[in-house]
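Numbering (our numbering), first residue to last: 2 to 393.
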Amino acid sequence: MKKSLFGFCAVLGCVAALDASAATGRSAVYSSIDMRNADGDTIRINRSASESYSNDFDRRVPGRTTTTSRSGMYDGMTSGYTRHVEPVAVSEHKMVSKRTYLPGKTYKSAKRKYFIANPFYQPLQGRFGAVTTGEYMQGTYKFADVDRTLTEMSIKEDFSYGLTDRIALQGMAKYNSDKLSWKNSLGVEDVNKGHSLNLYGLGIQGRIVDTDEWISTLSGYYEHQKHGVDYFIADLKAGYKVATSTIYGLGRVWAVDMEGDIYGDYMEDATTWAMLKYGNADDTLLMGELGMGVWTVLAEDWTLNVEGVFGAYDWHNQFSIKGAFGWQPNDNFALNLYAKTSLYDSADGKDLDLYYGNLPLNATNWAAATLYNVELSKVQEWSVGLQVMFQF
């Protein structure tokens, strides 16, 4: 590869898979409750959320009447406890444990907090959720005497609107700036840069289960990526609530309309071209992911989310792990700092076809192209990002 063959046309594989995992929402499962006794001592407990969202939260919508239940939240009222009603419109809270609360004392509860960094979050009817994600991503591999590095800086906007308390509309758009670099063993490097509105989409999410112990969401959405690539995606998450944590599994499948017969890394200069072929895509590619994760409340304003995902991306498989720290000082704003890296990729050691020929790229020159067989090595992907989250 001593010739200059650079100019990025389409990169799918392990890179496109990152775009396909669009933010489908983060759902509030836990509430942080402050309780203060007559002596001024504060007791803080964390409780699972009820079948539906808080009545207190619903009252903030002017003119709205709600029949939302709180089954399981404050059941088991025991005799000998007294109640104190705030002079504002909040519900009475029943005492839940004789071992924690002393008979004859008066208690009051503070406003409940819903964590919008929760991976099951979606807004209630008439309310909005917004997530702005800034990310730096890098994907590298080596073949023959060439090192390939793709770096990307991106900003992604995810919006959601509650059509009902259980169904939300989703919209998304992503702008990214890419740099594709090829460098041979002699130190010769060619770089191609580009930037564009890379992706936009629309979908819908349903909170199909939300009890004291279980939660589940189902999403379906469409995404369009530059170069005419269309994604049709279905996403299912299901979690079990344990104390202040949710242990969950996820499954995601998407069909990719490629509108072409091959795909891979494409390079060209003034006179020649080269194509590192990932696979054939005459019609539609099917890809999927399965994963497990845990989301937990670390402290009053802090959360942690760890997730491992195995993905089948047509020409290769990959296992990655992602960790995110969340900070939420109030009900309507949160920051989420995350990092993700691949721990295994079947592309490492995989043999691929490399086509090389003269421009223009047409049927004649394609048929006359020289075919090489190359082995990929040192395959690695990682990314870091910051999410700014609002609900209003």
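We put the beta carbon where it would ideally sit given N, CA and C, even for glycine.
Between the CA atoms of D315 and E382 - distance to the nearest angstrom = Looking up residue 382 in the sequence shown gives position 381. Looking up residue 315 in the sequence shown gives position 314. Whole-angstrom Cα-Cα distance: 17 Å.
Using a Cβ-Cβ cut-off of 8 Å (strictly less than) and excluding sequence neighbours within five positions of T66, which residues of its own chain qualify?
-> On the sequence shown, position 65 is the one that residue 66 refers to. At T66, the pLDDT of 36 sits below 50, so the modelled position is not reliable and the matter cannot be decided from this model.
Have a look at L291 and G312 and give me their C-alpha separation to the nearest angstrom.
-> Here residue 291 refers to the residue found at position 290 of the sequence shown. Here residue 312 refers to the residue found at position 311 of the sequence shown. One C-alpha to the other measures close to 7 Å.
In three-state terms, what does DSSP make of T272?
-> On the sequence shown, residue 272 is found 271 positions in, with the first residue counted as 1. DSSP places T272 in coil when its eight states are reduced to three.
Please go through the same chain and pick out, in chain order, the residues whose beta-carbon is closer than 6 Å to the beta-carbon of E376, but skip the five residues on each side of it.
-> Counted from its first residue, the sequence shown places residue 376 at position 375. Hits under 6 Å: D352.
Buried or exposed (CB count within 10 angstroms, at least 16 for buried), S161 = Here residue 161 is taken as the residue at index 160 of the sequence shown, counted from 1. The residue is buried, with at least 16 neighbouring Cβ atoms inside 10 Å.
Run through DSSP, which three-state label would H317 get?
-> Reading the sequence shown from its first residue, position 316 is the one you call residue 317. Here H317 sits in coil by DSSP.
Under the three-state reduction of DSSP, which class applies to G229: helix, strand or coil?
-> Locating residue 229 in the sequence shown gives position 228, where the first residue counts as 1. Reduced to three states, the DSSP call for G229 is helix.
According to the neighbour-count rule (16 or more other Cβ atoms, all chains shown, within 10 Å of its Cβ), is Y279 buried or exposed?
-> Against the sequence shown, residue 279 aligns to sequence position 278. By the neighbour-count rule (16 or more Cβ atoms within 10 Å), Y279 is buried.
Among Q319, F129, V230, nearest to G289 - alpha-carbon criterion | The residue given as residue 289 occupies position 288 in the sequence shown. When only C-alpha atoms are compared, the closest one is Q319.
How would you label N374, buried or exposed, when you count the other beta carbons within 10 angstroms and need 16 or more for buried?
-> Residue numbering aside, residue 374 sits at position 373 when the sequence shown is read from its first letter. Label assigned to N374: exposed.
With a CB to CB cut of under 6 Å and the five nearest residues on each side skipped, what residues in its chain are close to G202?
-> Along the sequence shown, one-based indexing puts residue 202 at 201. Contacts found: M173, Y222, Y223, E224.
Stretch-stretch touch, CB-based, cutoff 8 Å, three pairs: the stretch 234-245 with the stretch 262-280 | no
At what residues does the beta strand (DSSP E) containing N363 begin and finish?
-> Here residue 363 refers to the residue found at position 362 of the sequence shown. Run containing N363: none; DSSP gives neither H nor E here.
Return the Cβ separation of K157 and T134 in integer angstroms, given the expectation that the two are a contact with Cβ distance under 8 Å.
-> Here residue 157 refers to the residue found at position 156 when the sequence shown is read from its first residue. Here residue 134 refers to the residue found at position 133 when the sequence shown is read from its first residue. Indeed, because the Cβ distance is near 4 Å, the residues count as touching under 8 Å.
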